[in-house]
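Chains as they are written, first to last, in my numbering: chain A, 1 to 299; chain B, 1001 to 1334. Inspection log for the structure reproduced underneath, given as structure tokens.
Below, the structure is given as structure tokens:
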């Protein structure tokens, strides 16, 4: 029982991060129907951006600690930088081939991913960089399970961002435009919606959330490296598919579910097979429900 | 150039191009002394087999797969284990790993009967990762320590233990793969695969058993990847799970696309570009992968069909495909 509770909590924290990244995949897919492989690398650059903000502020990065306000000070510029980067990538790598096949969009995305992760390796060096910790060593206990402050913080920040996104999508004009474009592109354009603007906004929002996920992973594990985007990107893409790609609540649900499945599998079956368990569950889930949990059935 | 001269050019190229290519490949070791260059060319031969076999899946049948390194790993590990633990000769081990690749392909092909597009992408990607994680955790594969000391192939007294001997063996296998896929394209089997790609509904109505062809496309793709795996294992004499990452699957996929999807010469060209060019640019080690990323984006913008794309595929088929893709995109949202 203790193990179960503990692993559920660990899974929720990791799942929140997966969910934040998965939202970006799902939003882009909902509008452009291709998998933005560069998304994981934007998440990585978000973490590095925070690293430079911390260094700029003169915070000890190796084994150092930060306060909540310092965390927020780093969070905002990182999210903005990632948003800008997402828009730039879309402008140069995806917009010229928007009317081409989905396959070329996918290859272009793979190219953008290779470019970003290697440019980061070249600029920042390939070694792992330390990050300061938030709430280092602080925890509280529920029953017999220990919950660290940082886990709670990660979960709360992810939830706040997801709620903000939900309000934005449901209740603002731009959010409505995004929904319209993902429902029916042709009709949306006929209603006078500026496609380019909507697509740029989608990339900006998705990338900003990925950047937020990057900095949270940075302070959670206290280390970052240029290739961290690869596996996190694959996991988040898995989460997006699990929840039903193109569907934002689906990505949130898929992310949290994947996080929980992974931690439970890692604890009860075998830690080494943790990643494999997530994929096996995914394959079985897809064969049983080919459109994901919340995905709409294909006509 | 007008249409007539293009047609003439194509004719000459298709008639004598392969012959010329084979002659060049045979002659290269005579003039190249550096073992390093030969080493890179062996790598290109192996990637040619992999890209060509993936082409059967993606180019012919239209089934996306981002897990080709998984089949490669299956072949390499099966061959290595049979040679190291059971004392099989390379040739038997090679045949068994091709069979294993075929079975793995059939196994992975089963979900493909229900899934397509991006869903199939993620399932195949998952397959590749699962194989790698198994190799990482199983006792028999010795996890991250890998399997060292894999023996070289032998015929009687002759041992393929130099770069040059492996060069000939691997290119022979590569040409076998190229020939087989080239013949397949014009066979009943190949035409059935392409009909599944172009329009499933039309294929069914003409009596093509879609499930059978999809699953067997995976099987054949896996079989040749298994061959590449067996060759790779006994060429490098050491394999570990690090070799067979997702990035390799993506790399193989890009080779096929850059060269020209669904063509025979395309994957060969792609293998030369993506496996050879980075080695040529070793002097600029830091920049070569950055440049590769930019090259991929630029190619997709200016030549989305791949470098050889427009030569080999008929324009009409392409148009149909694009329309089908658009239709699929439309139905995905509704």
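The beta-carbon is built from N, C-alpha and C at its ideal position, and this holds for glycine as well. Because the structure is a prediction, the values reported are computed rather than measured.
Residue i: first and last residue of the uninterrupted beta strand (DSSP E) it sits in
i, result
"residue 142 of chain A", "139-142"
"residue 146 of chain A", "145-148"
Proximal residues to residue i (C-beta, below 7 Å), its chain only, five neighbours per side dropped
i, result
"residue 153 of chain A", "134, 135"
"residue 1058 of chain B", "1064, 1065, 1256, 1261"
Minimum Cβ-Cβ distance from residue i to chain B less than 8 Å
i, result
"residue 226 of chain A", "no"
"residue 18 of chain A", "no"
"residue 290 of chain A", "yes"
"residue 276 of chain A", "yes"
"residue 280 of chain A", "yes"
"residue 269 of chain A", "no"
"residue 14 of chain A", "no"
"residue 263 of chain A", "no"
"residue 81 of chain A", "no"
"residue 140 of chain A", "no"
"residue 208 of chain A", "no"
"residue 248 of chain A", "no"
"residue 136 of chain A", "no"
"residue 253 of chain A", "no"
"residue 42 of chain A", "no"
"residue 108 of chain A", "yes"
"residue 103 of chain A", "yes"
"residue 56 of chain A", "no"
Partners in chain B for residue i, counting only beta-carbon separations shorter than 8 Å
i, result
"residue 300 of chain A", "This structure cannot settle anything about residue 300 of chain A, because the visible part of chain A is limited to 1 through 299."
"residue 69 of chain A", "Correct list: empty, because the minimum Cβ distance to chain B is about 37 Å."
Separation of residue j from residue i, as counted between CA atoms
i, j, result
"residue 260 of chain A", "residue 208 of chain A", "24 Å"
"residue 1028 of chain B", "residue 1055 of chain B", "26 Å"
"residue 1256 of chain B", "residue 1280 of chain B", "20 Å"
"residue 7 of chain A", "residue 145 of chain A", "9 Å"
"residue 1075 of chain B", "residue 1193 of chain B", "24 Å"
"residue 23 of chain A", "residue 206 of chain A", "6 Å"
"residue 1201 of chain B", "residue 1069 of chain B", "31 Å"
"residue 1316 of chain B", "residue 1263 of chain B", "Note that residue 1316 of chain B scores a pLDDT of 40, beneath 50, so its modelled location is shaky and nothing firm can be said."
"residue 1108 of chain B", "residue 28 of chain A", "28 Å"
"residue 318 of chain A", "residue 106 of chain A", "Absent from the model: residue 318 of chain A. The displayed extent of chain A is 1 to 299, so no value can be given."
"residue 291 of chain A", "residue 69 of chain A", "41 Å"
"residue 1015 of chain B", "residue 41 of chain A", "45 Å"
"residue 1158 of chain B", "residue 1091 of chain B", "13 Å"
"residue 108 of chain A", "residue 195 of chain A", "20 Å"
"residue 93 of chain A", "residue 1302 of chain B", "11 Å"
"residue 1030 of chain B", "residue 1267 of chain B", "25 Å"
"residue 10 of chain A", "residue 150 of chain A", "11 Å"
Amino acids of chain A, ordered along the chain, whose beta-carbon sits closer than 9 Å to that of residue i
i, result
"residue 1246 of chain B", "230, 231, 234"
"residue 1267 of chain B", "Near residue 1267 of chain B there are no residues of chain A at all, since even the closest Cβ is about 14 Å away, more than 9 Å."
"residue 1119 of chain B", "241, 245, 286, 290, 291, 292"
Extent of the continuous alpha helix (DSSP H) to which residue i belongs
i, result
"residue 1098 of chain B", "1090-1112"
"residue 54 of chain A", "39-56"
"residue 1180 of chain B", "1163-1185"
"residue 91 of chain A", "Looking at the DSSP string, residue 91 of chain A is not in any alpha helix (DSSP H), and its letter there is neither H nor E."
"residue 104 of chain A", "102-124"
"residue 36 of chain A", "Unbroken run through residue 36 of chain A: none, as it is neither H nor E."
"residue 1132 of chain B", "1117-1137"
"residue 1248 of chain B", "1246-1259"
"residue 271 of chain A", "Element bounds for residue 271 of chain A: n/a, residue is neither H nor E."
"residue 23 of chain A", "2-32"
"residue 1278 of chain B", "1277-1280"
"residue 1066 of chain B", "Segment: none, residue 1066 of chain B is in no alpha helix (DSSP H) and carries neither H nor E."
Neighbourhood of residue i by C-beta, 8 Å cutoff - its chain only, sequence neighbours within 5 removed
i, result
"residue 1102 of chain B", "1219, 1220, 1222, 1223, 1226"
"residue 1169 of chain B", "1153, 1160, 1231"
"residue 1289 of chain B", "1278"
Chain A residues whose Cβ lies nearer than 7 Å to that of residue i
i, result
"residue 1123 of chain B", "283, 286"
"residue 1252 of chain B", "Neighbours of residue 1252 of chain B on chain A: none; closest Cβ ~11 Å, over 7 Å."
Any C-beta of chain A under 8 Å from that of residue i
i, result
"residue 1312 of chain B", "The predicted model places residue 1312 of chain B with a pLDDT of 39, which falls under 50 and marks its position as unreliable, so this point remains unresolved."
"residue 1109 of chain B", "no"
"residue 1114 of chain B", "yes"
"residue 1296 of chain B", "yes"
"residue 1333 of chain B", "Here the model assigns residue 1333 of chain B a pLDDT of 45, short of 50, so the residue's position is not dependable, and the following value carries that caveat. True, the Cβ-Cβ gap to chain A drops below 8 Å."
C-beta neighbour in chain D for residue i, strict 8 Å
i, result
"residue 84 of chain A", "Structure shown: chain D not included; protein chains present are A and B."
Neighbour list for residue i in chain B, Cβ cutoff strictly below 9 Å
i, result
"residue 200 of chain A", "The contacting residues do not exist; residue 200 of chain A stays about 18 Å from chain B at best."
"residue 100 of chain A", "1300, 1301, 1304, 1322"
"residue 203 of chain A", "None at all; the shortest Cβ gap to chain B is about 15 Å."
"residue 111 of chain A", "1254, 1292, 1293, 1294, 1295, 1296, 1297, 1298, 1299, 1300"
Within chain B, partners of residue i - CB distance below 7 Å
i, result
"residue 273 of chain A", "1133, 1137"
"residue 118 of chain A", "1289, 1290, 1293"
Chain-ordered chain A contacts of residue i [CB-CB under 8 Å]
i, result
"residue 1129 of chain B", "234, 275, 276, 279"
Same chain, Cβ closer than 6 Å to residue i, five either side skipped, listed in chain order
i, result
"residue 235 of chain A", "18"
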